[in-house]
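Q: The structure that follows is given in the form of structure tokens.
Numbering (this note's numbering), first residue to last: 2 to 215.
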């Protein structure tokens, strides 16, 4: 039988991959939308914003069929690939980047800095608040996923913590072991509580700052 430690490790791996990918993608795409002019820029951004109102549940069937056809069911790829990008993250980072004076970019270009160097040496340090806020948001969202892991995994050794607790509840041998079940629930709650307690001010400041300029 799969131990609870195993499914907690699965959850940390899934959450780590999703969080890191979403943060990187959001910084890069947000920078592109804020600083560059390219064909269909406004149309692409409108589509991006429009995707925010589409419930992810509507994409479950096509995503499940695609992941299954690729042979990624019961794998970390299946758990993470559909969530490697975040429209909300791109929107949030774009809004914050727009609030940074354009004069900094012009000065950096005069000094010979490339766009890549300007992003990582100037924009990223100035955007620590927004980046931290989105990192927290991405972590909490990934950690608390339930429906997608339930759909895409049917092997015990690939279950995540939330799914594991549910199966412990319906398992006839463990259903009455309330001590173990409650201990597992507390273990699952600890990371989210710690993140929220430690970083709640940063989260609020980052979200507020991201809306300074449209």
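Just so it is clear, CB atoms sit at the ideal spot from N, CA and C, and this is done for glycine as well.
With a 10 Å radius around its C-beta and 16 neighbouring C-beta atoms as the bar for buried, classify residue 155 as buried or exposed.
A: In the chain shown, residue 155 corresponds to position 154, counting from 1. Label assigned to residue 155: exposed.
Q: Considering only residues of the same chain and omitting the five flanking positions on each side of residue 29, which have a CB-CB separation below 7 Å?
A: Position 28 of the chain shown, counted from the first residue, corresponds to residue 29. Closer than 7 Å at the Cβ level, and outside the excluded window around residue 29, lies no residue.
Q: Which class does residue 40 belong to by DSSP, given the choice of helix, strand or coil?
A: To locate residue 40, count along the chain shown from 1; it is residue 39. DSSP places residue 40 in coil when its eight states are reduced to three.
Q: Any idea what DSSP makes of residue 55, helix, strand or coil?
A: Walking along the chain shown from the start, residue 55 turns up at place 54. Three-state result, residue 55: coil.
Q: Measure from the alpha carbon of residue 9 to the alpha carbon of each residue in 191, 198, 199, 202, then state which is nearest.
A: Here residue 9 corresponds to residue number 8 of the chain shown, with the count starting at 1. Ranking 191, 198, 199, 202 by Cα distance to residue 9 puts 191 first.
Q: Alpha carbon to alpha carbon, how far is residue 165 from residue 60? Give it in angstroms, no decimals.
A: The sequence position of residue 60 within the chain shown is 59, counting from 1. The sequence position of residue 165 within the chain shown is 164, counting from 1. Taking the straight line from one Cα to the other gives about 24 Å.
Q: Given residue 12, which residues of its chain have a CB within under 7 Å of its CB, disregarding the five upstream and five downstream residues?
A: Here the question's residue 12 lines up with position 11 in the chain shown. If we look at residue 12 and ignore the five residues flanking it on each side, its Cβ neighbours are 144, 161, 162.
Q: Can you check whether the CB of residue 170 is closer than 8 Å to the CB of residue 182?
A: To locate residue 182, count along the chain shown from 1; it is residue 181. To locate residue 170, count along the chain shown from 1; it is residue 169. Contact: yes.
Q: Quick check: residue 124 and residue 92, are their CB atoms within less than 8 Å of each other?
A: On the chain shown, position 123 is the one that residue 124 refers to. On the chain shown, position 91 is the one that residue 92 refers to. No.
Q: Going by other Cβ atoms of all chains shown within 10 Å of its Cβ, with 16 needed for buried, is residue 213 buried or exposed?
A: Mapped onto the chain shown, residue 213 falls at position 212. Bear in mind that a pLDDT of 47 at residue 213, under 50, signals an unreliable position, so the model cannot answer this.
Q: Roughly how many angstroms lie between the CA atoms of residue 81 and residue 151, to the nearest whole one?
A: Reading the chain shown from its first residue, position 80 is the one you call residue 81. Reading the chain shown from its first residue, position 150 is the one you call residue 151. Each residue's Cα considered, the two are about 13 Å apart.
Q: Can you check which of these residues, 76, 35, 158, is closest to residue 103 by C-alpha distance?
A: Start at 1 with the first residue of the chain shown, and residue 103 comes out as number 102. Of 76, 35, 158, the residue nearest in Cα terms is 35.
Q: Under a three-way DSSP split, which group does residue 113 fall into?
A: Counting from 1 along the chain shown, the entry for residue 113 is found at position 112. Residue state, collapsed to three classes: coil.
Q: Residue 102 by DSSP, collapsed to three states: which one?
A: The count along the chain shown starts at 1 and reaches residue 102 at position 101. Of the three classes helix, strand and coil, the one that applies to residue 102 here is coil, per DSSP.
Q: Cα separation between residue 126 and residue 32?
A: Against the chain shown, residue 126 aligns to sequence position 125. Against the chain shown, residue 32 aligns to sequence position 31. If you take the alpha carbons of residue 126 and residue 32, they lie about 13 Å apart.
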